[in-house]
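As structure tokens, the structure follows; a few thoughts come after it.
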Amino acid sequence: MQITQSLTPAAVEFLSAGTRTGHLAYLATDGRPLTTPVWFVIDDGALVFATGRGTPKGRLLAKDPRVAVSVDLQEPPYAFAQVQGIAEFVDDPDYLLQICTACGVRYMGAERGEEFGRRNAVPEEVVVRVRPTRVLFNGDVTA
1 MQITQSLTPA AVEFLSAGTR TGHLAYLATD GRPLTTPVWF VIDDGALVFA TGRGTPKGRL
61 LAKDPRVAVS VDLQEPPYAF AQVQGIAEFV DDPDYLLQIC TACGVRYMGA ERGEEFGRRN
121 AVPEEVVVRV RPTRVLFNGD VTA
């Protein structure tokens, strides 16, 4: 297993492949761990997704930005990456549209990416960038 403080090229390649869903772990106000699936992209060294700022997830991330996102390959050769870090909010409508569109292309396909981006890049949404503080990566999916 490789442990680093940032995303390596191999980890970026793994995290960016296909339509693997991330599993975001974050904390409730009473300290309980919570998890939820997220669609994400990698942008400039960070794992990035959008969420509603007024949703329970958005409110909890604003209160305690410590997170982990795990992504796995569930068939041989089996692999996983876990990005631990700090969730940082970016309140920029143009960037929100860019990220929502990129997620749309990745998960819905090129033909629906722009539609997904426009539908989700609304004022109630915000971009969350997970700035990595520790990255665990196990697997060489090219072998």
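Note that full-length UniProt numbering numbers the sequence shown so that position 125 is 125, with each residue one more than the last. Even for Gly, the Cβ is constructed at its ideal location relative to N, Cα and C.
DSSP on GLN74, reduced to helix/strand/coil? Here GLN74 sits in coil by DSSP.
If I follow the unbroken beta strand (DSSP E) through ALA25, where does it start and stop? 22-27
Using three-state DSSP, classify ARG129 as helix, strand or coil. strand
Does the stretch 65-72 touch the stretch 80-90, meaning 3 or more C-beta pairs lie closer than 8 Å? As far as the Cβ criterion goes, the stretch 80-90 touches the stretch 65-72, which means the pair count is three or higher.
Pair within 7 Å by beta-carbon distance, residue 145 and ARG53: A question about residue 145 goes unanswered here, because the residues of the chain that appear run from 1 up to 143.
What does PHE89 pair with, by DSSP beta-bridge criteria? VAL128
Considering just the uninterrupted stretch of the alpha helix (DSSP H) at PHE14, what are its terminal residues? 9-16
Expressed to the nearest angstrom, what Euclidean distance is found between the alpha-carbon atoms of ALA11 and LEU136? Taking the straight line from one Cα to the other gives about 9 Å.
Specify the secondary structure class of ALA143 as computed by DSSP and reduced to three states. Confidence at ALA143 is low in this model, with a pLDDT of 41, below 50, so its placement is unreliable and no value can be given for it.
What's the call for PRO76, buried or exposed, on a 16-neighbour Cβ count within 10 Å? exposed
Beta-carbon proximity check, LEU24 vs THR36, cutoff 7 Å: yes
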